[in-house]
Amino acid sequence: MSGSNEKLLIDVGSTYFKVSTAESIEQHFRDFNKDVLDDLMNKCGQTIQRFGKEDVHICSSANGGLSALIIGITQSFSLKYATNIAFNSGINIIDTILYQNIEEYSVPSDLIDVVIIVGGIDTRVNIFSDSLFNYLGRLNCSNIVYVGSEQDKSAIKDKIEGVVLLPNIIDNRLHIVEEHLKEYLTNLYQQDIEGKEDIKHLYDITANQIFSTPYIVNKALPFITSKLSVVNPFILLDIGGATTDIHYSKDLVVDDNIVTENEYDRLVFKKLGVYKSKQSLIFAAKNNEFVYELLTHLKVTENIFEEQGEKATRILMQLAIFLVLCKISHYRQAYINLKLLAVNSIVITGGITKVLTIGEIEDIIAFFYKKILSSEHNPAAIMDSNYDIWTLGAIGETVCQ
């Protein structure tokens with residue numbers, strides 16, 4: 203067995219897994235014909251067997267995240283607050299519904315992992331009516347959680363079977379109260395990870411909770427300068443096979459009225475991965491009016507979308523960077539609008555660092571700033587090619603346990 207202070211860190215992604223000891227980091231392309239544990243033991247069994255279960259710490263992004271639908275009373279408070287908490291818990295929001303217009307919304311056909319209902323401060327009563335319950339009756343969803351006015355809890359419980367009732371996320375001063383919903387959603391995310399048959403088997407080698415990778419990476423951000431030459435303020439892009447995650451300082455958010463203790467937040471874009479969600483990435487690219495100009499800049503045509511191989515993967519990686527920057531800019535924001543002209547460093551981590559060169563990444567960043575922001579501003583691109591951020595976050599989490 204290893205020394206008592208040494209930890210073994212394992213990250214299971216949708217395409218690769220990484221194994222880190224005090225001496226080195228190994229990365230292996232997954233064999234999808236094998237169970238994850240079998241694949242791990244086949245490639246890293248000698249290393250894993252050196253450690254006791256209590257010293258093995260695992261995180262995973264292989265599930266790609268959960269989907270949420272949020273129903274709220276107001277855009278400026280209930281929907282905005284619930285959206286903020288959901289995104290920062292690693293949840294993918296498929297839609298938000300303003301309650302007074304609920305009868306005008308179509309019902310999603312896909313299974314929704316969690317529906318969040320929110321609205322009103324605790325002194326308000328009889329906020330929701332049959333229009334809500336009728337809509338919910340037509341939804342295909344796994345979980346429903348209510349985080350609105352305390353006065354309506356009993357009515358909600360009577361009308362919605364299996365609903366989870368949590369404290370209101372809006373206090374009487376219209377400030378956000380995030381810990382209860384955030385804990386619930388984070389646990390739901392963990393349960394989804396652990397519910398995957400492949401992931402379940404990993405408890406054969408660890409006695410610790412399996413965390414989501416975005417959570418672990420976010421834990422590292424306050425300490426990132428100990429590993430990388432990062433100049434604040436910065437954003438971090440973690441681009442892998444199933445998702446693209448963005449981590450950012452709260453100071454960069456434009457027009458944010460949310461009062462929270464978190465210094466850093468994150469967004470998880472479920473449909474901007476390069477392998478598992480390749481087709482949705484291509485769909486997003488085809489619907490971006492600047493992408494064809496970018497393809498010309500990269501000296502390729504749209505035929506690249508039909509091609510396989512290393513060149514096509516490199517182009518898709520570059521497109522993922524461009525599309526995610528668009529999503530956090532004023533051009534086509536998905537949820538937040540960041541002060542991108544104030545950003546001094548853009549840190550790149552994840553599987554993308556094994557595919558693209560620093561020059562290819564800098565080229566995309568420069569194109570984005572010039573074309574979308576009409577600016578010559580040029581943040582430094584920093585490659586976390588040794589996964590220092592992941593190991594820093596994982597070590598920090600083991601220390602906290």
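If you read the sequence shown in the working numbering, its first letter stands for residue 203, the second for the next number, and so on.
Glycine included, each C-beta is placed from N, C-alpha and C at the ideal position.
Keep in mind that this is a model prediction, so the values were computed, not measured.
Contact check for residue 438 against residue 549 passes: the beta carbons are separated by less than 7 Å. Beta-bridge partners assigned by DSSP to residue 579: none are found. With a contact defined as Cβ atoms closer than 8 Å, residue 435 and residue 546 qualify at about 6 Å.
Its chain contains 313 as the residues whose beta carbon lies nearer than 6 Å to that of residue 342, once the 5 sequence neighbours on both sides are disregarded; these appear in chain order. For residue 285, the number of other beta carbons within 10 angstroms of its own is at least 16, and it is reported as buried. With fewer than 16 other Cβ atoms inside 10 Å of its own Cβ, residue 424 counts as exposed. The C-alpha of residue 243 is placed about 14 Å away from the C-alpha of residue 222. Here residue 215 is not near residue 269, since their CB atoms are 7 Å or more apart.
Out of 488, 519, 279, the CA that lies nearest to the CA of residue 556 is found in 519. DSSP, read as helix, strand or coil, puts residue 492 in coil. Less than 7 Å separates the beta-carbon of residue 589 from that of residue 220.
Secondary structure of residue 568 (DSSP, three-state): helix.
Cβ neighbours of residue 388 within its own chain (closer than 6 Å, five residues either side excluded): 291. CA-CA distance, residue 224 to residue 594, rounds to 12 Å. For residue 238, the closest of 218, 252, 248, 226 by C-alpha to C-alpha distance is 218.
If you draw a straight line from the Cα of residue 483 to the Cα of residue 353, it is about 43 Å long. The C-beta of residue 336 has fewer than 16 other C-beta atoms within 10 Å across all chains shown, which makes the residue exposed.
A residue is called buried once 16 or more other Cβ atoms fall within 10 Å of its Cβ, and residue 363, having fewer, is exposed. Residue 539 and residue 307 have their alpha carbons spaced roughly 25 Å apart.
Contact between residue 350 and residue 321 holds, with the beta-carbon distance rounding to 4 Å and staying under 8 Å. Setting aside the 5 residues that flank it on each side, residue 261 is surrounded in the same chain by 213, 412, 413, 414, 415, 418, 596, each with a C-beta closer than 7 Å to its C-beta; the list follows chain order. Leaving aside the five residues that flank residue 517 on each side, the residues in its chain whose CB is nearer than 7 Å to its CB run, in chain order, 500, 502, 506. Non-local C-beta neighbours of residue 255 in its own chain, meaning closer than 7 Å and more than five positions away in sequence, comprise 407, 408, 409, ordered along the chain.
Under DSSP, residue 213 forms a beta bridge with 220, 261. Linking residue 228 to residue 309 through their CA atoms gives a straight-line distance of about 45 Å.
For residue 413, the secondary structure class from DSSP, reduced to helix, strand or coil, is strand. Nearest in C-alpha terms to residue 432, of all of 584, 591, 231, is 584.
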